[in-house]
Amino acid sequence: MRQAVGQGPKAQTTGGGVGACLIGLCIAHYLEKFDVERLVIQARTRKKLINRALDLYLPAYKTCYFENLDSLSAPDDFHVRFACRDQHHFYQERAQALARQRNAALAKSAACLRFLISTN
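In the working numbering, the protein residues as written are 6 to 125.
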C-alpha cells in the first residue's frame, strides 16, 4: 500500500500521527494554563515512538543517565527537553500543521485504495 501511495517506509514519513499532534497541544496547554515558565520533558532513550513524536516539536537538549528519579522509574538514560512558556503558540501551530499533513496523507491513501478496489 505504501508503495502504491508513493510513501517510503514508516520511519521516513513525517510521523504526524494523532499522538504526535496531541503532544504539541498538551505542551501548549500546560504552558498557557499553569504558572510555569519552563516545562521539562524526560523520555527514556529506548522509547522510540514518544521520542519521535517529541522530536517534531523539540530536539533533545541532552541525554543523561538518571540514578535517583522522583518517580517510580528505574535508573536509565533519558532524553531531556525543555519547553518554554513564550513559545506555546509554536506548539499549537506545529500540531495544526501536523494534523493537516496527516489529513492530506489519509485522503491520498483513501483515493489510492478506491482506485485499487475499482481496478480489481
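A virtual CB, placed ideally from N, CA and C, is assigned to each residue, including glycine.
If you look at Y70, you'll find it isn't in any alpha helix (DSSP H); it sits in the beta strand (DSSP E) that goes K67 to F71. The alpha carbon of L54 has as its nearest neighbour, out of L44, A25, Q92 and T124, the alpha carbon of A25.
Sequence-distant partners of C89 (beyond 5 residues in either direction) whose C-beta falls short of 6 Å from its own C-beta, in its chain, are R43. Straight through space, the alpha carbons of C31 and R107 are spaced by roughly 18 Å. The residue from F83, F87, K67 and Y96 with its alpha-carbon nearest to that of K52 is F83. Just measuring C-alpha positions, the residue of D60, F95, K38 and E37 sitting nearest Q47 is D60. In this structure, the CA atom of L27 is about 7 Å from the CA atom of A100. Here V85 is bridged, per DSSP, to Q47 and K67. A Cβ-Cβ separation of about 11 Å leaves C69 out of contact with V45 under the 8 Å criterion.
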